[in-house]
Every structure is written in C-alpha cells, then in structure tokens.
Ligand code: DHB
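Numbering (the UniProt record's numbering), first residue to last: 5 to 393.
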C-alpha cells in the first residue's frame with residue numbers, strides 16, 4: 005500500500021493524528037496489532053485536560069465528551085486527616101473532564117470510519133525501513149497473516165511504551181532517559197456510585213490512595229503498592245479495608261470487577277526524529293500516572309506534529325518538522341516534572357527516612373496553604389495552553 009503518512013498504533017496519539025491530517029487533506033494509514041474490540045475496551049486513563057476537550061469538540065471528534073463526561077472544577081488533596089481543595093475554577097478559570105480513555109478511542113475510531121479513514125486492526129508492524137530516504141516503509145503482518153508493506157512519505161511511531169519505532173529513531177528499544185520508582189498502584193474498578201463529587205488524592209501514613217471515577221455507576225480507585233504485588237493476592241475486604249484506612253473512611257463499597265498493577269516509570273526518548281520517522285505519545289515519553297498527563301501529552305504532541313506535516317505539504321519546507329522535537333520537548337519536560345513532583349509529594353518510598361516523610365508534609369502544607377502553590381498545581385493539572393505551528 006502507498007500513503008502519505010503511515011502511523012503505527014491506533015491509540016489516542018495515532019488516531020488523533022490521522023484525524024487531524026485528514027482535516028488538512030493529508031492521507032494516512034493507521035495500523036495496530038490489536039483488535040478494534042480490545043482497543044475500545046481496555047481501561048486506561050480517565051482525566052482530560054481543558055485543551056484536550058476543546059480539541060475533541062472543535063475538531064469534530066466528540067460532542068459526547070460534553071454530554072456524558074463530567075466537568076471537574078477541582079480536586080482534593082487529603083493528608084493528616086484533612087482535605088484541601090484545589091479550586092481550578094477560581095485559581096485558573098479552567099477545568100478537567102472525567103471521560104474514560106476508551107470512550108475517547110470509541111469516538112476517534114467512529115470519526116475515522118465516518119470520514120473514510122483507513123485503520124487496519126490486527127495488523128502488526130515489525131520494522132521500519134529506509135527512514136533516512138524520502139520513501140520510508142513499514143513492514144509487518146496484516147490481519148490476513150500475509151506480509152504487510154506500506155510505503156509512505158513519513159512514518160510515525162505512535163506505538164506506545166513498547167514501541168518498535170523507537171528502535172528506528174533512537175537506535176534502541178529503550179533509548180532514552182529513564183527513572184523508575186520503588187512503588188506501583190494497585191487499581192480496581194468497582195460497581196458503586198461515586199463516593200465524593202471530585203477526585204481525592206490522599207497521602208496517609210499507610211501509603212497513598214486515589215479515589216477516581218469512571219461513571220455514575222463505576223468507580224476507579226488506586227492503592228500505592230509494591231511493584232511485585234500479585235493483584236490476585238488481596239481479597240475484596242482487604243482491598244476495601246486498605247482504601248478506607250488510607251482516606252479516613254466514607255467510601256461507598258461495591259463489587260470489585262477488575263484489578264491491575266500499574267508500574268511507575270518516567271521516560272523521555274533521546275531523539276524524537278530520525279529522517280522521515282517521528283515518535284509521538286508514549287513511544288516518545290512515559291509518565292507515572294499521578295496527575296493524569298499521559299493521554300493529554302500524546303494529544304499535545306500530535307497537534308504540533310500535524311501542523312508541521314501540513315506546513316510541509318503546503319510549502320515543501322521542513323522548517324516546522326525540524327522544529328518539532330524541540331517544541332514538543334518543551335511540554336514533555338514540563339509534564340515530566342509535574343508527574344514526578346505529584347508522585348514524589350504524595351508517595352513515601354519504602355526506604356523513606358523520617359526526614360523524607362516530614363519534608364513531604366512540609367511541601368504539602370506549603371502548596372495547599374499558598375494561593376501561588378495551588379495555582380501552579382491548577383495550571384499544570386488543567387493543562388498548559390496547547391502549542392501549534
Ligand atoms: C486517574 C488516574 C490518575 O493518574 C489521576 O491522576 C487521576 C485519575 C484515573 O485513572 O481515573
């Protein structure tokens with residue numbers, strides 16, 4: 005097959021890029037090894053920045069986000085038995101939306117199919133060839149089991165944290181700046197009404213807990229845990245007991261129907277471009293989940309890259325393509341800092357000293373008692389303005 009832009013990965017980054025390119029009159033093919041069902045049903049993130057919602061609605065991807073999503077005008081930080089509200093509306097006049105990632109994906113896939121887009125599910129990319137030429141190729145296996153070859157002007161790696169495109173761009177699967185954390189989150193889905201109107205981030209002496217939501221009838225909650233914890237090793241009553249203890253009680257309990265362990269990593273690839281191959285989304289960077297930046301950062305990358313590709317096709321100039329890595333990295337490193345900061349402020353490492361513990365509570369008091377501190381948190385959480393070319 006031949007296309008202008010071959011996109012590896014039908015996650016939020018790949019599908020949104022394909023959609024934005026279509027609106028600029030640029031043809032693309034998206035391929036992903038997973039089935040449409042698997043993509044639409046995997047439970048991932050839940051929080052959309054203000055700018056992400058604006059883009060979904062203004063680019064005609066989703067009106068559902070406004071009808072079925074829930075606007076949140078703040079969050080609560082809870083520690084030493086007291087809740088401290090970060091009032092986004094008052095501090096920065098912006099909000100976030102609770103709208104699950106798999107709903108965003110349903111909307112994106114529906115929009116691509118509505119517009120005649122080419123999304124090939126169950127088609128696995130194994131290699132990118134000739135990235136340094138002006139006719140790079142993606143080689144893989146199609147849904148029919150036969151060899152798949154796509155020749156394009158550009159190849160985009162939107163293929164997540166296990167990216168194969170990263171090897172082409174950086175020289176190795178893991179080519180980048182890494183940071184690991186000595187803890188993880190044990191996440192559950194439960195069938196119950198929301199326990200509170202907004203998200204609760206609770207730093208307790210027993211470890212961190214996050215009370216999030218998915219809908220009026222399904223809630224998402226997380227417990228700080230050992231990265232090696234086997235999700236099957238805790239009973240439902242043990243999980244509820246741990247959650248209640250860490251937030252000081254008051255949670256509405258229900259049947260737990262999904263459990264998983266999320267590892268915490270920070271990663272930024274050494275390079276985002278080699279020749280005609282580019283990295284976006286988790287292939288380019290990974291953040292720990294605290295602060296919910298992952299999906300939003302992927303959307304920011306592709307908004308920028310779609311503008312650079314559009315300007316290349318309109319003018320023949322590569323100036324904006326050349327500028328993409330530096331422009332994207334500006335936001336990537338700010339989001340890396342914010343995710344690391346929220347993570348470090350709210351979690352104690354297993355080997356934390358009394359000094360470390362007291363320092364964290366000093367920080368939590370500083371941030372919550374100062375309008376400047378709360379404003380920084382609100383600016384970063386609701387999302388910095390999106391950059392475009
Ligand atoms: C969720 C995840 C986060 O990391 C976060 O900061 C807020 C919400 C969630 O999955 O709902």
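Virtual Cβ for every residue (Gly too), placed ideally from N, Cα, C.
All figures in this text were calculated on a predicted structure; none of them were measured in a lab.
**OP:** Would you decide whether residue 268 is buried or exposed? Buried here means 16 or more other CB atoms lie within 10 Å of its CB.
**Re:** buried
**OP:** Would you kindly report the start and end of the unbroken alpha helix (DSSP H) that includes residue 4?
**Re:** With the chain running from 5 to 393 in the structure shown, residue 4 is simply not present.
**OP:** Identify, in the order they occur along the chain, each residue of the same chain with its Cβ nearer than 8 Å to the Cβ of residue 402, setting aside the five sequence neighbours on each side.
**Re:** It is not possible to answer for residue 402, since the shown part of the chain is limited to 5 through 393.
Subject >> Chain-order list of residues whose beta-carbon lies under 7 Å from that of residue 298 (same chain, five-residue window excluded) >> reply: 49, 286 and 291
Original post:
Out of curiosity, what's the CA-to-CA distance linking residue 9 and residue 162?
Top reply: 12 Å
Original post:
Among 99, 273, 118 and 294, which has the Cα closest to the Cα of residue 174?
Top reply: 273
Original post:
Helix or strand or just coil, what does DSSP make of residue 268?
Top reply: strand
Original post:
Anyone know if the C-beta pair for residue 255 and residue 190 falls short of 8 Å?
Top reply: no
Original post:
Taking three-plus beta-carbon pairs below 8 Å as touching, is the region 49-60 in contact with the region 150-165?
Top reply: no
Original post:
Going by the beta-carbon positions, is the gap between residue 15 and residue 144 smaller than 8 Å?
Top reply: no
Original post:
So is the beta-carbon of residue 293 under 7 Å away from any non-hydrogen atom of the ligand DHB?
Top reply: yes
Original post:
Which first and last residues belong to the alpha helix (DSSP H) in which residue 178 is found?
Top reply: No alpha helix (DSSP H) holds residue 178; DSSP gives it neither H nor E.
**OP:** Would you mind sorting residue 195 into buried or exposed? The rule is 16 or more other CB atoms within 10 Å of its CB.
**Re:** exposed
Original post:
Tell me, which residues are paired with residue 23 by DSSP?
Top reply: None; residue 23 has no bridge partner.
Original post:
Nearest-angstrom Cα distance between residue 215 and residue 251?
Top reply: 9 Å
**OP:** Note the first and the last residue of the continuous beta strand (DSSP E) segment covering residue 250.
**Re:** No beta strand (DSSP E) contains residue 250, which is instead part of the alpha helix (DSSP H) from 240-251.
**OP:** Please confirm whether residue 230 and residue 200 have their CB atoms less than 8 Å apart.
**Re:** no
Original post:
Measuring CA to CA, which of 363, 37, 265 and 245 is closest to residue 257?
Top reply: 245
**OP:** Confirm, please, whether the CB-CB distance from residue 270 to residue 348 is below 8 Å.
**Re:** no
**OP:** Answer yes if the region 39-49 comes into contact with the region 96-111, meaning at least three C-beta pairs across the two stretches below 8 Å, and no otherwise.
**Re:** yes
Subject >> Check whether residue 205 and residue 82 have beta carbons under 8 Å apart >> reply: yes
Original post:
So residue 394 packs on residue 18, CB below 8 Å; how close in whole Å?
Top reply: Limits of the chain in this structure are 5 at one end and 393 at the other, which puts residue 394 out of reach.
Subject >> Paired residues, beta bridge with residue 190 - DSSP >> reply: 227 and 265
Subject >> Stretch-stretch touch, CB-based, cutoff 8 Å, three pairs: the region 69-76 with the region 355-363 >> reply: no
Subject >> Residues of its chain near residue 378, where Cβ-Cβ distance is below 7 Å and the 5 sequence neighbours each way are ignored >> reply: 90, 95, 371 and 372
Subject >> Identified DSSP bridge partners for residue 78 >> reply: 91
Original post:
residue 192: beta carbon under 7 Å from a heavy atom of the ligand DHB?
Top reply: no
Subject >> Reference residue 331, options 393, 158 and 36, closest by Cα >> reply: 393
**OP:** Pull up the DSSP beta-bridge partners for residue 101, would you.
**Re:** 52 and 75
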